[in-house]
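One structure below.
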Amino acid sequence: MQASSNLLNWILWMPFIGVLGILFIPKAKETAIRVWSLINTTVTFALTLVLYAKFDTTVPGMQVPFNISVPWIKSFNIFYKLGVDGISLPMIVLTGLLFLICVLSSWTVKKQVKAYFALFLFLQSTVFGVFFAMDFFLFYVYWEVMLIPMFFLIGIWGGENREYAAVKFFLYTFLGSILMLVGMVALYYASGKGIDSFDILALQGGKFSDLTLTIFGATFSFAKLFFVFLFIGFAIKVPVFPFHTWLPHAHVQAPTAISVILAGVLLKMGTYGFLRIAFPIFPEATIYFSDAIAWLGLINVIYGAFCAMAQTDVKKLVAYSSVSHMGFVMLGLAALTVTGVNGAVLQMFNHGTSTAMMFLMIGVLYERSHHRWIVRPDGSKGFGGLYTQLPKFSIIFIIAMFASMGLPGLSGFISEALIFLGIYERFTTITVLALLGLLLGAAYLLWMFKRMFFGDVIEECKSYTDMNAREIFYMLPLCVAVIVFGIYPSPVLDVMRASVGNLVSMLAKF
Amino acid sequence: MGLNYLASLSHFVPELLACVTMFGLILIEATYKEEHKERGLFFFAAYIGFASVLTFLCLNLKHEAVAIFTNSAVIDPFSTLLKIVMVLGTMGATYLVSQSKDIEGNLRPEFTIMATGVLVGGMLLSSANNMLLLYIGIETLSILSYVLASLKKSDDRSSEAGLKYSLYGGISAGIMLFGMSHIFGVLGTINFTEIGVALQELTTVQVAILLPSFLLFLAGLGYKIACVPFHMWSPDVYEGSPIPVTTFFSVVPKVAGLAALIRITTVFFSHEGAMNMGWVGILSVIAALTMTVGNISAIGQRSVKRMLAYSSISHAGVMLLGILVISEVGIRSVVFYAITYLFMNLVAFYIVSFVNDKYGNDHFERFNGLIYRYPVMSIMMAITMFSLAGLPPFSGFVAKFHIFNAIVIKKYYVLAIIAGLNSVISMYYYMKIIRLMVLKPAESEEQISGFSLLNQGIIVSLTVPVLFLGIFWEKIMLVATNAKIFLE
Chain W
33 MQASSNLLNW
43 ILWMPFIGVL
53 GILFIPKAKE
63 TAIRVWSLIN
73 TTVTFALTLV
83 LYAKFDTTVP
93 GMQVPFNISV
103 PWIKSFNIFY
113 KLGVDGISLP
123 MIVLTGLLFL
133 ICVLSSWTVK
143 KQVKAYFALF
153 LFLQSTVFGV
163 FFAMDFFLFY
173 VYWEVMLIPM
183 FFLIGIWGGE
193 NREYAAVKFF
203 LYTFLGSILM
213 LVGMVALYYA
223 SGKGIDSFDI
233 LALQGGKFSD
243 LTLTIFGATF
253 SFAKLFFVFL
263 FIGFAIKVPV
273 FPFHTWLPHA
283 HVQAPTAISV
293 ILAGVLLKMG
303 TYGFLRIAFP
313 IFPEATIYFS
323 DAIAWLGLIN
333 VIYGAFCAMA
343 QTDVKKLVAY
353 SSVSHMGFVM
363 LGLAALTVTG
373 VNGAVLQMFN
383 HGTSTAMMFL
393 MIGVLYERSH
403 HRWIVRPDGS
413 KGFGGLYTQL
423 PKFSIIFIIA
433 MFASMGLPGL
443 SGFISEALIF
453 LGIYERFTTI
463 TVLALLGLLL
473 GAAYLLWMFK
483 RMFFGDVIEE
493 CKSYTDMNAR
503 EIFYMLPLCV
513 AVIVFGIYPS
523 PVLDVMRASV
533 GNLVSMLAKF
Chain D
465 MGLNYLASLS
475 HFVPELLACV
485 TMFGLILIEA
495 TYKEEHKERG
505 LFFFAAYIGF
515 ASVLTFLCLN
525 LKHEAVAIFT
535 NSAVIDPFST
545 LLKIVMVLGT
555 MGATYLVSQS
565 KDIEGNLRPE
575 FTIMATGVLV
585 GGMLLSSANN
595 MLLLYIGIET
605 LSILSYVLAS
615 LKKSDDRSSE
625 AGLKYSLYGG
635 ISAGIMLFGM
645 SHIFGVLGTI
655 NFTEIGVALQ
665 ELTTVQVAIL
675 LPSFLLFLAG
685 LGYKIACVPF
695 HMWSPDVYEG
705 SPIPVTTFFS
715 VVPKVAGLAA
725 LIRITTVFFS
735 HEGAMNMGWV
745 GILSVIAALT
755 MTVGNISAIG
765 QRSVKRMLAY
775 SSISHAGVML
785 LGILVISEVG
795 IRSVVFYAIT
805 YLFMNLVAFY
815 IVSFVNDKYG
825 NDHFERFNGL
835 IYRYPVMSIM
845 MAITMFSLAG
855 LPPFSGFVAK
865 FHIFNAIVIK
875 KYYVLAIIAG
885 LNSVISMYYY
895 MKIIRLMVLK
905 PAESEEQISG
915 FSLLNQGIIV
925 SLTVPVLFLG
935 IFWEKIMLVA
945 TNAKIFLE
């Protein structure tokens with residue numbers, strides 16, 4: 033097994049090799065930089081597929097052959113420890129795919145090409161780090177380092193108000209992670225049971241149930257207090273209402289590819305954090321707070337949908353639709369049933385593909401129109417009759433939109449159905465109310481579609497050209513993904529089933 | 465345990481060497497004529513002097529702790545390590561002086577001579593094992609600092625800084641001495657070790673007198689490390705003083721003050737009791753206030769130097785956290801913090817200084833678009849700023865992580881949260897510089913002469929530890945762990 037055991041290292045460091053490579057390419061050779069990035073992300077994606085192929089779907093928990101564990105800081109028992117299981121694998125493949133597609137979509141970036149692709153590949157490496165890390169300390173380091181390339185990518189290549197968006201994004205996430213840091217250090221010492229480790233697996237399993245702590249005379253349950261800390265840290269990333277206010281700004285201001293990565297991968301890191309860290313380490317607190325999580329999820333669904341409905345900027349609309357869809361993930365997690373959590377993980381994957389499509393399509397449109405108004409501030413239409421002007425674009429847009437809406441036969445439907453099945457037995461009221469969210473989702477998407485694609489062709493739209501071969505080429509894999517996984521989700525579901533079952537049965541003991 | 469004077473002297477070589485360096489520098493300076501602008505030999509001699517002090521300190525690092533001069537001073541690995549930090553800080557400031565345009569001509573050697581004097585005071589202070597030596601150390605440090613602050617005699621701001629510094633300093637020294645006399649009156653000794661023993665068995669009346677007297681005592685030390693509410697002088701002095709002086713102030717006196725505070729806290733208050741609770745309680749409040757006030761004041765500043773001055777107040781607050789836990793873990797965290805803070809501060813001040821030399825001020829806007837002209841320098845500055853705010857994988861994060869560790873072991877969760885929130889606030893203003901450097905267009909295409917190839921190389925090599933200690937910190941941490949305090 034020696035050959036495959038370094039696979040995670042290769043995936044993790046391949047983008048970093050890409051960064052180093054870019055540093056040696058002269059600034060002026062922009063095409064060479066693009067091609068190099070493309071080759072690099074292709075290789076990375078291929079490696080993630082190799083990982084998928086070698087993955088043993090029957091094993092619950094970590095895939096032992098791939099584990100890597102090297103002592104890093106011995107005095108603190110900190111390890112450079114990587115691992116993969118059924119929950120992280122779909123995210124890893126998704127990351128590989130989306131970064132590859134985004135390199136293609138970033139082909140038209142003109143400003144500071146070298147820095148852009150270097151930061152972009154660096155970002156990919158840190159994202160892999162978050163999904164692979166099996167040591168809380170390592171996880172934290174990657175979680176934070178990721179902010180640096182994100183800050184610059186939004187701040188330099190973003191829209192008009194990019195600075196504000198970048199700073200807000202940065203500070204919000206940093207605030208969350210500081211709470212996480214306090215929780216993490218407390219975990220290390222609170223164990224007091226001879227664990228003294230940041231190993232996520234060693235901390236798992238409700239070892240902290242009976243601990244209490246006293247602050248100014250008031251006694252708190254250790255698990256509940258620090259669950260809240262970790263929860264806020266991850267919730268900011270998801271984002272869960274009321275921590276979502278950074279998201280519309282960051283999304284609207286970020287360049288297309290970064291929006292895609294943000295919505296497609298980075299938001300999932302929040303829910304992944306729940307699954308990997310918060311839930312397994314504090315199972316009893318998870319049960320205690322699951323009602324609250326479900327209600328927050330519901331607020332996300334409904335609130336996000338209403339906000340989306342009110343938007344006149346199409347990118348902002350999709351951004352809020354992300355808030356709404358991540359609410360479904362939260363609902364599935366709160367269910368704490370096998371079906372619900374399976375649905376949530378599947379929704380994480382499916383939302384990654386469908387939202388990525390939406391953002392990419394808006395990016396394609398923006399390159400032609402240079403604005404994103406559905407209705408301009410002065411009340412005139414921003415787009416009209418695109419359907420007749422851009423047929424290819426429209427067809428792909430329709431696929432993306434319906435996938436996002438959760439139309440049966442497309443990927444969103446299956447995950448949402450699983451989530452509803454999962455939560456129905458525990459939260460009947462919430463299920464019914466959340467169904468309303470689906471309806472609202474259909475409403476704002478169709479309304480937007482009607483206003484942009486039907487009706488009279490406005491003058492400006494007549495000059496738009498349809499999608500070119502490169503654009504169609506990078507949209508195709510995602511189209512295939514949303515359709516295939518809509519009909520036949522087993523390739524994803526099979527991978528996660530054992531791990532999710534493991535997690536849920538562990539939670540069920542409390 | 466007392467050694468005779470000759471044997472004591474053999475442990476005191478670094479301090480003596482520093483004194484010799486100082487006097488030697490005065491003599492060399494006297495040989496220069498007025499028209500000699502370049503003072504190559506002078507600075508060469510200064511570096512040789514510092515390097516020899518460093519060498520002896522490094523040799524001392526391996527020795528066991530000893531009490532010398534009839535127990536009035538202690539040479540232990542802890543003080544030696546912090547002395548190394550101080551010497552490095554002095555060297556850094558001296559190099560900056562030789563490059564900076566803020567201080568010119570005669571003033572450069574004057575600075576160096578007096579900085580060496582401050583260094584001697586700081587070394588005494590960090591080794592002091594009785595009240596008198598502590599007081600002498602503080603005064604040696606302070607009096608020369610007043611002169612340093614008003615180094616530019618013709619400059620109003622600089623004179624103002626000097627006056628403010630000496631007024632505040634004089635008053636706080638008086639208060640401190642008043643506190644000391646009460647402590648002596650109650651306990652009948654000025655020796656730290658004996659005080660530490662005496663403090664374990666106290667009557668209620670004694671506690672009632674000692675608590676306020678220690679508070680007065682703390683005022684003097686608190687003033688030196690500029691913690692709230694004794695911080696008022698610091699921003700004005702930092703701003704009024706020439707930048708190399710500010711660089712020096714932000715490291716050497718601060719580290720010396722912290723060293724003394726650590727020694728006092730450890731020797732006096734390691735045992736449970738009313739005194740211990742009172743001291744830790746006061747320090748906790750002071751630490752929380754120091755972090756918060758420093759950070760909040762830093763947000764609104766226009767001048768980068770002033771911003772760094774306020775932020776250095778808040779860093780002192782974070783280091784106080786490591787002191788108030790009174791544990792070995794706490795001490796080693798503070799030592800590590802001081803080491804990393806030295807490098808981060810030097811890089812930040814070097815860059816600010818060179819920018820300031822070019823434009824005559826160091827307002828934030830001067831950094832606009834710096835990355836398009838000096839990409840390497842900007843990246844170094846960005847690394848330093850992220851590190852100061854405590855973002856991994858830089859050493860500032862590791863330092864903060866260790867402080868967090870120290871306070872979470874003691875279960876001071878509230879303090880941990882306050883420290884965490886402060887980290888976020890500080891990120892806001894540190895990021896402001898990065899934002900301006902990277903996201904704004906450049907104001908001009910002019911060259912900044914301070915960024916010569918040599919200076920850039922030095923800045924880069926100073927940044928290397930900032931990055932390196934953030935990933936592989938175990939070796940340095942081991943050194944910091946071995947830096948034990950002398951306890952009888």
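Chains as they are written, first to last, in the numbering used here: chain W, 33 to 542; chain D, 465 to 952.
For each residue, glycine too, the CB sits at the ideal point set by N, CA and C.
With C-beta atoms as the reference, is N759/D less than 8 Å away from S851/D? Stepping through the second sequence from its first residue, residue 759/D is reached at position 295. Stepping through the second sequence from its first residue, residue 851/D is reached at position 387. No, Cβ-Cβ distance for N759/D and S851/D is not below 8 Å.
Tell me which residues share the same chain as S472/D and place their Cβ nearer than 7 Å to its Cβ, disregarding the 5 neighbours each side in the sequence. Within the second sequence, the letter at position 8 stands for residue 472/D. So the qualifying residues of the chain are I532, F533.
State the DSSP-derived secondary structure class of L942/D, mapped to helix, strand or coil. By 1-based counting over the second sequence, the position of residue 942/D is 478. Helix, per DSSP.
From the DSSP secondary-structure annotation, give me the bridge partner or partners of T251/W. In the first sequence, residue 251/W corresponds to position 219, counting from 1. Per DSSP, the beta-bridge partners of T251/W are T246/W.
Name, going along the chain, the residues of the stretch 865 to 890 of chain D whose beta-carbon falls closer than 8 Å to a beta-carbon of chain W. Cβ contacts with chain W: F865, F868, N869, V872, I873, K875, Y877, V878, A880, I881, G884, L885, S887, V888.
Listing by chain order, which chain D residues have their CB less than 8 Å from the CB of Y221/W? Taking the first residue of the first sequence as position 1, residue 221/W is located at position 189. Result: N869, V872, I873.
If you reduce the DSSP assignment to three classes, tell me which class P103/W lands in. Here residue 103/W refers to the residue found at position 71 when the first sequence is read from its first residue. Per DSSP, reduced to three states, the secondary structure at P103/W is strand.
Whose CA, out of Y511/D, Y496/D, L933/D, L589/D, lies closest to the CA of I728/D? As a working mapping, residue 728/D is identified with position 264 in the second sequence. Ranking Y511/D, Y496/D, L933/D, L589/D by Cα distance to I728/D puts L589/D first.
What is the DSSP secondary structure of F476/D, counted as helix, strand or coil? Counted from its first residue, the second sequence places residue 476/D at position 12. Coil, per DSSP.
Please state whether the Cβ-Cβ distance between L365/W and L465/W is less than 8 Å. Within the first sequence, residue 365/W is the residue found at index 333, counting from 1. Within the first sequence, residue 465/W is the residue found at index 433, counting from 1. Not closer than 8 Å, so no.
Which runs of the alpha helix (DSSP H) spanning at least 4 residues fall entirely within the stretch 362 to 434 of chain W, listed in chain order? Secondary structure in the stretch 362 to 434 of chain W: the alpha helix (DSSP H) runs of 4 residues or longer, each lying completely within the stretch, are 370 to 401, 418 to 421 in chain order.
On the DSSP bridge list, what partners appear for V530/D? For this step, residue 530/D is matched to residue 66 along the second sequence. I539/D.
Taking the alpha carbon of S353/W as the point to measure from, which residue in R404/W, T369/W, M362/W, Y335/W has its own alpha carbon closest? On the first sequence, position 321 is the one that residue 353/W refers to. Nearest of R404/W, T369/W, M362/W, Y335/W to S353/W, Cα basis: Y335/W.
Between E498/D and chain W, is there a C-beta pair that is closer than 8 Å? In the second sequence, counting from the first residue as 1, residue 498/D sits at position 34. Answer no: the Cβ-Cβ gap between E498/D and chain W never drops below 8 Å.
Are the CB atoms of F507/D and S564/D nearer to each other than 8 Å? Taking the first residue of the second sequence as 1, we reach residue 507/D at position 43. Taking the first residue of the second sequence as 1, we reach residue 564/D at position 100. No, the Cβ-Cβ distance between F507/D and S564/D is not below 8 Å.
Please list, in chain order, the chain W residues whose beta carbon lies closer than 7 Å to that of P857/D. Taking the first residue of the second sequence as 1, we reach residue 857/D at position 393. Within 7 Å of the CB of P857/D, the CB atoms of chain W belong to V173, V177, in sequence order along the chain.
For a contact defined as C-beta to C-beta under 8 Å, what are the partners of G187/W on chain D? Start at 1 with the first residue of the first sequence, and residue 187/W comes out as number 155. What G187/W touches in chain D: R899, V902, L903.
E107/W: contacting residues in chain D (beta-carbon distance under 9 Å): Locating residue 107/W in the first sequence gives position 75, counting from the first residue. Per the sequence shown, the amino acid found at residue 107/W is Ser instead of Glu. E938, M941, L942, T945, listed in chain order.
Return no unless some Cβ of chain D is closer than 8 Å to the Cβ of V214/W. As a working mapping, residue 214/W is identified with position 182 in the first sequence. Chain D has a Cβ within less than 8 Å of the Cβ of V214/W.
Would V333/W count as contacting chain A if we go by Cβ distances under 8 Å? Of the protein chains in this structure, namely W and D, none is chain A.
Assumed close pair I707/D, Y893/D - CB separation to whole angstroms, cut-off 8 Å: For the purposes of this step, residue 707/D is taken as the residue at position 243 of the second sequence. For the purposes of this step, residue 893/D is taken as the residue at position 429 of the second sequence. About 18 Å; that fails the 8 Å criterion.
As assigned by DSSP and simplified to three states, the class of S767/D: Locating residue 767/D in the second sequence gives position 303, where the first residue counts as 1. Correct three-state label for S767/D: strand.
Just grab the DSSP bridge partners of L114/W for me. Within the first sequence, the letter at position 82 stands for residue 114/W. Answer is I100/W, A165/W, bridged to L114/W.
Cβ shell of T576/D (< 7 Å), same chain only, five flanking positions each side left out: Position 112 of the second sequence, counted from the start, is the residue given in the question as residue 576/D. Answer for T576/D: L489, A510, T558, V561, listed in chain order.
How is the alpha helix (DSSP H) around D323/W delimited, first residue to last? Here residue 323/W corresponds to residue number 291 of the first sequence, with the count starting at 1. Here the alpha helix (DSSP H) through D323/W covers 315 to 341.
Segments of 4+ residues assigned as alpha helix (DSSP H) that fall wholly inside the stretch 119 to 180 of chain W: Listed in chain order, the complete alpha helix (DSSP H) runs (minimum 4 residues) inside the stretch 119 to 180 of chain W are 120 to 137, 145 to 164, 168 to 177.
Rounding to the nearest angstrom, what Cα-Cα distance links F77/W and L510/W in this structure? Translated into positions along the first sequence, residue 77/W becomes position 45. Translated into positions along the first sequence, residue 510/W becomes position 478. One C-alpha to the other measures close to 14 Å.
Write down the C-beta distance between V489/W and G414/W rounded to the nearest angstrom, noting that I regard them as a contact closer than 8 Å. The residue given as residue 489/W occupies position 457 in the first sequence. The residue given as residue 414/W occupies position 382 in the first sequence. With a contact defined as Cβ atoms closer than 8 Å, V489/W and G414/W miss out at about 13 Å.
Residues in the stretch 843 to 854 of chain D with C-beta within 9 Å of chain W's C-beta atoms, listed in sequence order? Of all residues in the stretch 843 to 854 of chain D, only A846, F850, A853, G854 come within less than 9 Å of chain W when Cβ atoms are compared, listed by chain position.
According to DSSP, is D821/D helix, strand or coil? Start at 1 with the first residue of the second sequence, and residue 821/D comes out as number 357. Helix, per DSSP.
Since M895/D meets chain W, which of its residues come closer than 7 Å, beta carbon to beta carbon? Within the second sequence, residue 895/D is the residue found at index 431, counting from 1. Those are V199, F202, listed as they occur along chain W.
Cβ-based burial, H527/D [other Cβ within 10 Å; buried from 16]: In the second sequence, counting from the first residue as 1, residue 527/D sits at position 63. Counting Cβ neighbours within 10 Å, H527/D comes out exposed, since fewer than 16 surround it.
Beta-carbon proximity list for Y956/D, same chain, < 7 Å, skipping 5 on both sides: Missing from the structure shown is residue 956/D; chain D here goes from 465 to 952 and no further.
Relative to the C-alpha of A282/W, which candidate in M380/W, N374/W, M182/W, L235/W has its C-alpha closest? One-based indexing of the first sequence puts residue 282/W at position 250. Minimum Cα distance to A282/W is reached at M182/W.
Flag I100/W as yes if its beta-carbon sits less than 8 Å from any beta-carbon of chain D, otherwise no. In the first sequence, the residue the question calls residue 100/W occupies position 68. Not closer than 8 Å to any Cβ of chain D, the Cβ of I100/W fails to qualify, so no.
Below-8 Å beta-carbon distance, Y801/D vs any chain W residue: As a working mapping, residue 801/D is identified with position 337 in the second sequence. No Cβ of chain W is located within less than 8 Å of the beta carbon of Y801/D.
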